[in-house]
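Worksheet: one structure, shown below.
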Amino acid sequence: MIGLELLLLLFLIFCAVATVLCRRLVSAVIIFMSYSAVMSILWFLLESPDLAITEAAVGAGVTSLLFFLTLRKINALKGMERDEE
147 MIGLELLLLL FLIFCAVATV LCRRLVSAVI IFMSYSAVMS ILWFLLESPD
197 LAITEAAVGA GVTSLLFFLT LRKINALKGM ERDEE
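For the sequence shown, the numbering used here gives the first residue as 147, with consecutive numbering after it.
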């Protein structure tokens, strides 16, 4: 079990650093979503299911949704469509 926790912790650190260094806003939001999901799993493994549910709902759910709505509002998502073509 400690090996799994260590692996998740390393992935958590990787996600945190990648979110900060990422230049594309959409990619940063997606990495942030994975950070919140891993944090939720870690809370569950630490036997704190109430925090795990809260992190999953607020961190990965509501906050990420608000980030995507903000990106759409500032037209950052439309710029991404042009980059892919």
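Think of the CB as a built atom: it goes at the ideal place given N, C-alpha and C, for glycine as much as any other residue. The model shown is predicted, which means the values in this text are computed figures rather than measured ones.
key: Whole-angstrom distance between residue 192 and residue 206, CA atom to CA atom   = Taking the first residue of the sequence shown as 1, we reach residue 206 at position 60. Taking the first residue of the sequence shown as 1, we reach residue 192 at position 46. Answer to the nearest angstrom: the Cα atoms are 18 Å apart.
ask   = How is the alpha helix (DSSP H) around residue 151 delimited, first residue to last?
value = Residue 151 sits at position 5 when you count from the first residue of the sequence shown. In the DSSP assignment, residue 151 falls within the alpha helix (DSSP H) that extends over 148-167.
task = Would you mind reading off the limits of the alpha helix (DSSP H) that contains residue 182?
result = Numbered from 1 along the sequence shown, position 36 holds the residue referred to as residue 182. Following the DSSP letters along the chain, one finds residue 182 inside the alpha helix (DSSP H) bounded by residues 171-191.
Neighbour-count burial assignment, residue 179, 16 or more Cβ in a 10 Å radius = As a working note, residue 179 is residue 33 in the sequence shown. Counting every other CB atom within 10 Å of its CB across the protein chains shown gives residue 179 a total of 16 or more, marking it as buried.
For residue 221, the nearest candidate out of 172, 149, 153, 147 (CA to CA) = Residue mapping note: residue 221 aligns to position 75 of the sequence shown, counting from 1. Per the Cα distances, 172.
message = Within 10 Å of its beta-carbon, does residue 184 have 16 or more other beta-carbons around it, so buried, or fewer, so exposed?
response = Residue numbering aside, residue 184 sits at position 38 when the sequence shown is read from its first letter. When all chains shown are included, residue 184 counts as buried.
key: Among 182, 188, 224, the one whose alpha carbon lies nearest that of residue 211   = On the sequence shown, residue 211 is found 65 positions in, with the first residue counted as 1. Of the listed residues, the one whose Cα sits closest to residue 211 is 182.
Alpha helix (DSSP H) segment containing residue 198, residue limits = Residue numbering aside, residue 198 sits at position 52 when the sequence shown is read from its first letter. First-last of the alpha helix (DSSP H) with residue 198: 195-200.
inquiry  = By alpha-carbon positions, which one of 165, 163, 188, 196 ends up nearest to residue 148?
reply    = Start at 1 with the first residue of the sequence shown, and residue 148 comes out as number 2. The candidate whose alpha carbon is nearest that of residue 148 is 188.
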